[in-house]
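J.: Take the position in the sequence shown, starting the count at 1, then add 106; the result is the number in my numbering.
Cβ atoms here follow ideal geometry from the backbone N, Cα and C, with glycine treated the same way.
Remember, it's a predicted structure, so these values are computed and weren't measured experimentally.
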Amino acid sequence: MLGYAVELELIASNPVDRVQWTAPEVAQSIDRRVVANPAQVATLLEAVISRQTCRQGHGVLRLPLLRGDATLGSGGPTADCDLAGRCAGCGADFDDLSAVKPSRSCDHEKIEHRWGRLVLAGTAPRAGSHWTDDGGSHERRGLKHRGRAETRAVPIPPRLVELLCAHVENHGVGSDGRFFRGLHGGPLSESVYDCWWKLAREKALTESQVASPLVCRPYDLRHAAASLWLNAGVPPTEVAQRLGHGVAVLLRVYANCIDGGDDTMNDKIGDALG
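Now the structure itself:
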C-alpha cells in the first residue's frame, strides 16, 4: 500500500524501508509429527465413513492428492474423472464406471476397479462474497503456479475409484457435476468437513494422538501421501508431478518420514554399524 502511495506521488518515500527489523525465520519443511502412516489413515477414513449423517461430504477427505481448493473442470465427472474398471464376468473394460449399464450378454455386476484419473482445471479458494466478481463465496482461479488454461492429471488408485463410484451411486452428483456439495448444492463448507474430521480423530486415534498434531487437518493427508510415495521408492520427479509441485519444493517441504518410520531407519543404520 505504501509502495503504491509512492508510485502515485502521494508520499515522497516508503517509511517501512527505514525499519531495521527483519522477520524471523519460518520453518519451510512440514512438521513430521503431523504425518500419519497408512494404517492410521485407513482407520481415520473408516471413522469418517462410519458416521452416516455426513452423507454428502465424507468423500472429500479421501482425496489427499489434491489441495483443498482444487477443482475439476466444467465437464462433470464423465469428462474430468476417469473411474476405470473391468467386468470380472465378461472382461469388458470401462473408462467411466458411473455410466455402465447391463448389456444383453452380461449384467456387469462384479467390477474390478482399476487405476483412474482426475483432471484438475483450476482452484476455487474461499474469498468471501464481497471480494469476488460474481458475488459467490469462492473465486475461480487457475491452478497454482500454472497458466489459467492449464490442467493437471492426477492418477487415483483402484480403492479411491471404488469409493468414488460408491459415492456417486449412493448420493449422485450435483447439477453442475459436483461430487461433494453442501446442503444447497454449492461447495462443501470447510467448517463442515473440519468438524467431521475432528470427530473422526477422536474415534480413531488414541488420547495422546488426539492431543498431538498428528493429522490435525484433512490437508495433512497430502503430506502423508507424499511421504509414503517417497519412502516406497517412487522417483521424486513423479511424486512432484502428481502433487503439482517442483522437485525442489517437494524435497524441501514434503520429504518427511511417515510416523513410525524411525525404527526401520534405526535398524538399517544398526545393521550397517554391525
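1. Could you spell out where the alpha helix (DSSP H) holding Val122 opens and where it closes?
2. Kindly examine the ligand COA and report whether one of its heavy atoms sits closer than 7 Å to the Cβ of Glu115.
3. Does DSSP classify Cys301 as helix, strand or coil?
4. Does DSSP put Gly380 in a helix, in a strand, or in coil?
5. CB Gly222 to CB Cys193, shorter than 8 Å?
6. Go through its chain and collect everything with a Cβ distance to Val267's Cβ below 6 Å, but skip five positions before and after it.
7. How many Å lie between His273 and Leu226 at the Cα?
8. When we look at the beta-carbon of Thr370 and count the other beta-carbons within 10 Å, is it buried (16 or more) or exposed?
9. Note down the Cα distance separating Ala145 from Val321, rounded to an integer number of angstroms.
10. Taking 8 Å as the threshold (C-beta atoms), are Leu114 and Ala310 in contact?
11. DSSP on Pro264, reduced to helix/strand/coil?
12. So, using beta-carbon positions, are His357 and Pro341 closer together than 8 Å?
13. Hey, quick one: how far does the beta strand (DSSP E) through Ile217 stretch, first residue to last?
14. Since Arg258 and Gly352 are thought to touch, with beta carbons under 8 Å apart, how far apart are those beta carbons, to the nearest angstrom?
15. Starting from Arg192 and walking both ways along the beta strand (DSSP E), at which residues does that stretch end?
16. Throw me the rounded Cβ distance for the Ser295 and Gly288 pair, which I believe falls under 8 Å.
17. Please name the residue in Gln347, Gly278, Asp326 and Tyr110 whose C-alpha comes closest to that of Asp300.
18. For Leu270, count neighbouring C-beta atoms within 10 Å of its own C-beta (all shown protein chains included) and say buried if the count is 16 or more, exposed if not.
19. Mapping DSSP to helix, strand and coil, what is Arg284?
20. Taking the Cβ atom as the reference point for each residue, do Ser403 and Gly292 lie within a distance shorter than 8 Å?
21. Nearest-angstrom Cα distance between Pro263 and Ala378?
22. Just the C-alpha distance for Val122 and Pro130, rounded to the nearest angstrom, thanks.
23. If you follow the alpha helix (DSSP H) that Trp335 is in, where does it begin and where does it stop?
24. Leaving out five residues before and five after Gly380 in sequence, what residues of the same chain have Cβ atoms less than 6 Å from its Cβ?
25. Please report how far the alpha carbon of Arg247 lies from the alpha carbon of Ala346, in whole angstroms.
26. Any beta carbon of chain C sitting closer than 8 Å to that of Trp302?
27. Taking the alpha helix (DSSP H) that Ser314 falls in, what are its first and last residues?
28. Which of the three DSSP states is assigned to Val141 in this structure?
T.: Short version:
1. Looking up residue 122 in the sequence shown gives position 16. No alpha helix (DSSP H) contains Val122, which DSSP labels as neither H nor E.
2. The ligand content of the structure shown is nil, which means the ligand COA is not present either.
3. In the sequence shown, the residue the question calls residue 301 occupies position 195. Looking at Cys301 - three-state DSSP - the assignment turns out to be helix.
4. For the purposes of this step, residue 380 is taken as residue 274 along the sequence shown, with counting starting at 1. Gly380: coil per DSSP, three-state reduction.
5. Locating residue 222 in the sequence shown gives position 116, counting from the first residue. Locating residue 193 in the sequence shown gives position 87, counting from the first residue. No Cβ-Cβ contact shorter than 8 Å links Gly222 with Cys193.
6. Numbered from its first residue, the sequence shown carries residue 267 at position 161. Excluding residues within five positions, the ones whose Cβ falls inside 6 Å are Leu189, His219 and Gly222.
7. Position 167 of the sequence shown, counting from 1, holds the residue named residue 273. Position 120 of the sequence shown, counting from 1, holds the residue named residue 226. Computed Cα separation, rounded: 19 Å.
8. On the sequence shown, position 264 is the one that residue 370 refers to. Thr370 should be labelled exposed.
9. Locating residue 145 in the sequence shown gives position 39, where the first residue counts as 1. Locating residue 321 in the sequence shown gives position 215, where the first residue counts as 1. The C-alpha of Val321 is placed about 13 Å away from the C-alpha of Ala145.
10. For the purposes of this step, residue 310 is taken as the residue at position 204 of the sequence shown. For the purposes of this step, residue 114 is taken as the residue at position 8 of the sequence shown. Not in contact: Ala310 and Leu114 (Cβ atoms no closer than 8 Å).
11. Against the sequence shown, residue 264 aligns to sequence position 158. Three-state result, Pro264: helix.
12. On the sequence shown, residue 357 is found 251 positions in, with the first residue counted as 1. On the sequence shown, residue 341 is found 235 positions in, with the first residue counted as 1. Per the sequence shown, the amino acid found at residue 357 is Leu instead of His. Remark: C-beta atoms of Leu357 and Pro341 do not approach each other more closely than 8 Å.
13. Within the sequence shown, residue 217 is the residue found at index 111, counting from 1. Per DSSP, Ile217 belongs to the beta strand (DSSP E) from Ile217 to His219.
14. As a position in the sequence shown, residue 258 is number 152, starting the count at 1. As a position in the sequence shown, residue 352 is number 246, starting the count at 1. Contact doesn't hold; Cβ gap of about 13 Å is too wide.
15. Within the sequence shown, numbered from 1, the residue matching residue 192 stands at position 86. Element bounds for Arg192: Gly191 to Cys193.
16. Counting from one through the sequence shown, the residue named residue 295 turns up at place 189. Counting from one through the sequence shown, the residue named residue 288 turns up at place 182. Contact between Ser295 and Gly288 holds: CB atoms are separated by about 6 Å, below the 8 Å threshold.
17. If you number the sequence shown from 1, residue 300 lands on position 194. Ranking the options by Cα distance to Asp300, first place goes to Asp326.
18. In the sequence shown, residue 270 corresponds to position 164, counting from 1. Leu270 should be labelled buried.
19. On the sequence shown, residue 284 is found 178 positions in, with the first residue counted as 1. Looking at Arg284 - three-state DSSP - the assignment turns out to be coil, as it is neither helix nor strand.
20. Coverage of the chain is limited to positions 107 through 380, which leaves residue 403 absent and any answer about it impossible.
21. What you label residue 263 is simply residue 157 of the sequence shown in a count that begins at 1. What you label residue 378 is simply residue 272 of the sequence shown in a count that begins at 1. Cα to Cα, Pro263 sits roughly 35 Å from Ala378.
22. Numbered from its first residue, the sequence shown carries residue 122 at position 16. Numbered from its first residue, the sequence shown carries residue 130 at position 24. About 17 Å.
23. Sequence index remark: in the sequence shown, residue 335 carries index 229 (1-based). Per DSSP, Trp335 belongs to the alpha helix (DSSP H) from Asp326 to Asn337.
24. Within the sequence shown, residue 380 is the residue found at index 274, counting from 1. Nothing listed; no residue qualifies.
25. By 1-based counting over the sequence shown, the position of residue 247 is 141. By 1-based counting over the sequence shown, the position of residue 346 is 240. Taking the straight line joining both Cα atoms gives about 21 Å.
26. Although the question refers to chain C, the structure presented lacks it and comprises just one protein chain.
27. In the sequence shown, the residue the question calls residue 314 occupies position 208. Counting along the chain, the alpha helix (DSSP H) containing Ser314 begins and ends at Glu313 to Ala317.
28. Residue 141 sits at position 35 when you count from the first residue of the sequence shown. Three-state result, Val141: coil.
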